[in-house]
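Residue numbers (the numbering used here): 473 to 903.
We put the beta carbon where it would ideally sit given N, CA and C, even for glycine.
Heads up: the structure comes next, in structure tokens.
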Ligand SMILES: [Zn+2]
């Protein structure tokens, strides 16, 4: 829940504008309705895994919101939900939305903020008396976090043809339940899944509002920002091979200890990241034989690295590899580096981003142009950007914490996000 001002306090305390009151009021009542769904009583975090009972409750909530507004509700062949104002088949539609599923013990905002803000923005537009010239849809993309089946953005990947049906059918959760079995038990037809190019071709613009998963807006002092790009990112596995031996009897001079080389490499990663302005993290490690009283024979560390552009990412990873190689040679340690995964940069369409920047110019409370920022996190918008003109709005996250029960956005900032989204949708879809 956003905390801070009450709905009345927001109305009377920060603005006399009727528009702000309506945006905040509609947002808060929906937010309170959705808040208990899938929240774990002990951790306070959300466990809304794809096709679970909590996910189905979220989906029922979405359908109720759609029908309460007289929108045409449908679910597509990949289990994504749609709520349409206007003709879904007319084409050149403006689509907004996000996801309602969560990571294990996730926060309330990652995903739901975008869906709830979409309905609230539509309410805001109705209260402004907006006249729509393009069809508008609100979406809930299924299985965005990949918490259950280990692959993120399954709903949008399937629609965009970036996940094959055969690979989707092979996805299994920790209990061995396959994705098709989970879909079927939730009342969906897994035989229907697959690319949906006709549906995507009817979208003229997709805009996803999302809580920021960093502190860029907190540092600039802006409640809302626009996305420039999703940073290129990847994972590299470093295998350091030495010689297992007795921790109590082997002289220091006689050791070939891969843990030391690994430790030097972790420090080098931090140094290279600082030098290049990238991010580099060793967050996972496996040790053999993994005994308290044994010098390791193998240390395997996984590097996650992200940067604003490909050249910087190349520079930081090359720098870390070179340092690791030098340390390894000096210490007589074997080293293999394997790139396990890689996602190139996703640049959001410049024309749409510029259009949004123009719409938002001067509408915020700061009087400054809306800041444009990159992000290191993946989103459905990133997947869809290969098929559809796509843009993202971010709402300030004062601590930057995400994927945690501590994830937070202030109520006034959520309201500012709703107003910005309403401004954008009005600019794109109304006369
Ligand atoms: Zn998200």
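Thinking just about the alpha-carbon of each residue, which of the options is nearest to the one in residue i?
i           : options               : result
residue 607 : 669, 796, 624 and 563 : 563
residue 857 : 591, 629, 535 and 528 : 629
residue 646 : 659, 618, 658 and 636 : 618
residue 514 : 558, 567, 576 and 561 : 576
residue 699 : 707, 770 and 689      : 689
residue 801 : 604, 895 and 712      : 712
residue 813 : 627, 521, 836 and 706 : 706
residue 511 : 574, 674 and 901      : 574
residue 686 : 849, 894 and 785      : 849
residue 780 : 753, 754, 748 and 638 : 748
residue 819 : 832, 851 and 507      : 851
residue 803 : 726, 823 and 845      : 726
residue 648 : 807, 843, 620 and 697 : 620
residue 715 : 841, 583 and 771      : 771
residue 769 : 807, 640 and 650      : 807
Could you pull out every residue in the same chain whose Cβ sits closer than 8 angstroms to the Cβ of residue i, ignoring the five residues on either side in sequence?
i           : result
residue 782 : 704, 816 and 817
residue 561 : 674
residue 520 : 509, 510, 526, 527, 530, 572, 573, 574 and 578
residue 876 : 517, 577, 578 and 579
Does DSSP classify residue i as helix, strand or coil?
i           : result
residue 570 : strand
residue 815 : strand
residue 518 : strand
residue 902 : strand
residue 715 : coil
residue 544 : strand
residue 744 : helix
residue 503 : helix
residue 555 : strand
residue 578 : strand
residue 619 : coil
residue 769 : coil
residue 672 : helix
residue 564 : coil
residue 874 : coil
residue 884 : helix
residue 859 : coil
residue 723 : coil
residue 825 : helix
residue 764 : coil
residue 645 : coil
residue 493 : Here residue 493 scores only 45 on pLDDT, less than 50, and its place in the model should not be relied on; the value that follows carries that caveat. Residue 493: helix per DSSP, three-state reduction.
residue 549 : coil
Do residue i and residue j have their CB atoms nearer than 8 angstroms?
i           : j           : result
residue 758 : residue 788 : no
residue 717 : residue 665 : no
residue 746 : residue 791 : no
residue 605 : residue 903 : yes
residue 679 : residue 555 : no
residue 799 : residue 733 : yes
residue 585 : residue 886 : yes
residue 831 : residue 896 : yes
residue 861 : residue 821 : yes
Which residue marks the beginning of the alpha helix (DSSP H) containing residue i, and which one marks its end?
i           : result
residue 527 : 525-540
residue 784 : 782-803
residue 628 : 626-631
residue 651 : 651-657
residue 689 : 688-692
residue 640 : 637-642
The beta strand (DSSP E) spanning residue i covers which residue range?
i           : result
residue 834 : Where residue 834 is concerned, there is no enclosing beta strand (DSSP E), given that its DSSP letter is neither H nor E.
residue 678 : 675-683
residue 847 : 844-847
residue 754 : 751-760
residue 593 : Per DSSP, residue 593 belongs to no beta strand (DSSP E); it is in the alpha helix (DSSP H), 584-600.
residue 855 : Here residue 855 belongs to no beta strand (DSSP E); instead the alpha helix (DSSP H) covers 852-856.
residue 634 : That residue, residue 634, is in no beta strand (DSSP E); it is neither H nor E in DSSP.
residue 612 : 608-612
residue 605 : Segment: none, residue 605 is in no beta strand (DSSP E) and carries neither H nor E.
residue 865 : 862-867
residue 510 : From DSSP, residue 510 is part of no beta strand (DSSP E); its letter is neither H nor E.
residue 700 : 696-702
Quick one: what's got a C-beta closer than 6 angstroms to residue i's C-beta in the same chain, skipping five residues either side?
i           : result
residue 756 : 774
residue 795 : 740
residue 581 : 683, 879 and 881
residue 550 : 627, 630, 631 and 665
residue 810 : 709
residue 753 : 776
residue 695 : 868, 885 and 888
Any beta-carbon of chain C closer than 8 angstroms to the one on residue i?
i           : result
residue 552 : The structure shown contains no chain C; it holds only a single protein chain.
Within a Cβ cutoff of 7 angstroms, which residues of the same chain sit near residue i, ignoring the five residues on either side of it in sequence?
i           : result
residue 855 : 625, 628, 629, 632 and 634
residue 611 : 552, 553, 554, 567 and 569
residue 502 : 537, 588, 591 and 592
residue 901 : 566, 604, 605, 606 and 608
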